[in-house]
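Take the position in the sequence shown, starting the count at 1, then add 19; the result is the number in this note's numbering.
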Amino acid sequence: MKKQKKLIRLAEMILESVCQLKQQHLRKVQSQLENFCQKCTDVSKDSHLFDVAVERNWSGAAEKIRLRISRNLSDFAFDLQRLKEVIDVDRPAQPKLSDVFAEFNQIERDLGQLNVDLKEGVLSVITDPITLDDISLGSFEIKLNIGAICRLYIESPYRIIALEPNPAGSNENVTHPHVSEEYLCEGDGHVPIRRALEEGRVCDFFTMITQILQTYNPGSPYVALKDWDGYSCYDCGYTVGTDDSYYCENCNESFCDECSGYCKICDDTLCRGCLRECPDCLEPVCKHCIKPCQECERGVCTDCLEENICQTCIENRKENEDEETKPNESNVPMSNASV
20 MKKQKKLIRL AEMILESVCQ LKQQHLRKVQ SQLENFCQKC TDVSKDSHLF DVAVERNWSG
80 AAEKIRLRIS RNLSDFAFDL QRLKEVIDVD RPAQPKLSDV FAEFNQIERD LGQLNVDLKE
140 GVLSVITDPI TLDDISLGSF EIKLNIGAIC RLYIESPYRI IALEPNPAGS NENVTHPHVS
200 EEYLCEGDGH VPIRRALEEG RVCDFFTMIT QILQTYNPGS PYVALKDWDG YSCYDCGYTV
260 GTDDSYYCEN CNESFCDECS GYCKICDDTL CRGCLRECPD CLEPVCKHCI KPCQECERGV
320 CTDCLEENIC QTCIENRKEN EDEETKPNES NVPMSNASV
């Protein structure tokens, strides 16, 4: 009996929220009508001003008014079409309390246990464990906030919560190919899902959400199933599999093959941004394998240092030594010239 009273109160809350949603739509129609009527009033005023300007031969003023009327009329077709779309929306009839209450029983017959939090105004259903293309995603809780149904046209009134999350390797907020940060990408189900809530058909609502979660659309996933265990390259954003990703120990991020490399001295894997180019041999090296030359203080790789001297300085030394040992032409005795 206690549970039945709780469900009756919940059904009343749903009816209240659906009624508010309908009222919200009527206010939208009212706003569009007021806007359109104001446009008509503006054109009527300009028409009167145009008549006065023409009668008094104020050609300059008449031309300005004509241009203004032309601009306003250009917007008329758009405003009229938008107004017609809002007015022509076929609003569903207000559901009855008995109809909504019957939906609760249908949910328990079709989907299992119905969870009710009257204090928070939340109705929820837990799906069976879901597996897509041999990837186990676990069970999901579909939580419908009854009080948020009245804001259906502004924000989603429900959340999809992973109970045993196995998120995508590249984005921990994606717990299902079509769920990101607890929001479902409804795809073609958007209109029928919204329609079900407008009519208070909560069983159909939960059924459609469950069906979407149990299927995979390869055309519009947040993360494709083939890349589920992959990682997003920190540099270019490309998603790669676990075996094809490379971890940079310097910046602690994962990178793809194109955006990573290795130090030619110690063989540590690093991203391109953390690798440096030795100015002497032009090979990529890490910061730990670069030392300053004692003479010029340039940083070069340890392979290019001999007794802490870089190759450039060694070559400069040799050139200087060769210059010093070369015979001075001014000190060489000249041969006896023939007289």
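Yeah, the Cβ is synthetic: ideal placement off N, Cα and C, and Gly gets one too. This structure is a prediction, so every number in the text was calculated from the model and none was measured.
* Any beta strand (DSSP E) of 3 or more consecutive residues that is wholly inside the region 186-249 -> 193-195
* To do: Go through its chain and collect everything with a Cβ distance to residue 188's Cβ below 6 Å, but skip five positions before and after it.
  => 248, 249 and 250
* Asked: Which of the three DSSP states, helix, strand or coil, is assigned to residue 34?
  -> DSSP, read as helix, strand or coil, puts residue 34 in helix.
* Asked: When DSSP labels each residue in this structure, what does residue 401 get in the three-state scheme?
  -> The shown model of the chain, from 20 to 358, leaves out residue 401, and the question about it has no answer.
* Could you tell me whether the region 281-292 touches the region 311-322, using the rule of 3 or more Cβ pairs below 8 Å? => yes
* N- and C-terminal bounds of the alpha helix (DSSP H) containing residue 136 -> Segment 133-136 is the beta strand (DSSP E) holding residue 136; no alpha helix (DSSP H) there.
* Could you say which of 253, 40, 243 and 271 lies nearest to residue 110 if we only look at CA atoms? => Ranking 253, 40, 243 and 271 by Cα distance to residue 110 puts 40 first.
* Supposed contact pair residue 137 and residue 216 - C-beta distance, whole angstroms, cut 8 Å -> Not quite, the Cβ-Cβ distance comes to about 19 Å (not below 8 Å), so this is no contact.
* Exposed or buried, residue 162, counting other C-beta atoms within 10 Å across all chains shown (16 or more means buried)? -> buried
* Asked: Grouping DSSP H, G and I as helix and E and B as strand, with all else coil, what is residue 90?
  -> helix
* Looking at C-alpha atoms only, which residue of 258, 291 and 232 is the closest neighbour of residue 270? -> The alpha carbon of residue 270 has as its nearest neighbour, out of 258, 291 and 232, the alpha carbon of 291.
* Provide the residue(s) that pair with residue 264 in DSSP beta bridges, ordered along the chain. => Note: residue 264 sits in no beta bridge, so no partner.
* Counterpart residues of residue 320 in DSSP-defined beta bridges -> Note: residue 320 sits in a beta bridge opposite 309.
* Asked: CB residue 327 to CB residue 306, shorter than 9 Å?
  -> no
* Below 9 Å between beta carbons: does that hold for residue 175 and residue 167? -> yes
* Asked: So who's on the other strand from residue 303, going by DSSP bridges?
  -> 296
* My guess is that residue 184 and residue 219 are in contact by the Cβ rule of under 8 Å, so how many angstroms apart are they, rounded? -> In fact, because the Cβ distance is near 31 Å, the residues do not count as touching under 8 Å.
* Asked: Can you tell me the Cα-Cα spacing of residue 279 and residue 263, whole angstroms?
  -> 11 Å
* To do: Give the straight-line distance between the Cα atoms of residue 200 and residue 293, rounded to the nearest whole angstrom.
  => 32 Å
* Distance CB(residue 233)-CB(residue 149) smaller than 9 Å -> yes
* When DSSP labels each residue in this structure, what does residue 284 get in the three-state scheme? -> coil
* To do: Keeping to the same chain, check which residues put their C-beta closer than 8 Å to that of residue 26; ignore five residues upstream and five downstream.
  => Taking C-beta separations shorter than 8 Å and ignoring five residues to either side along the sequence, the partners of residue 26 in its chain run 120, 123 and 135, following chain order.
* Looking only at C-alpha atoms, which of 211, 127 and 242 sits nearest to residue 227? -> 211
* Asked: When we look at the beta-carbon of residue 192 and count the other beta-carbons within 10 Å, is it buried (16 or more) or exposed?
  -> exposed
* **Continuous beta strand (DSSP E) assignments of at least 3 residues falling wholly in the region 114-179** => 133-136, 141-145, 149-151, 154-157 and 159-164
* To do: Can you check DSSP and say which residues form a bridge with residue 289?
  => 280
* Any idea what DSSP makes of residue 183, helix, strand or coil? -> coil
* Quick one: measure Cβ to Cβ for residue 259 and residue 196, integer angstroms, because I've assumed they're closer than 8 Å. => With a Cβ gap of about 17 Å, residue 259 and residue 196 do not count as contacting.
* To do: Ignore the nearest five residues each way along the sequence and tell me which others in residue 330's own chain have a CB closer than 6 Å to its CB.
  => 299 and 323
* To do: State the Cα-Cα distance for the pair residue 297 and residue 333, rounded to the nearest angstrom.
  => 16 Å
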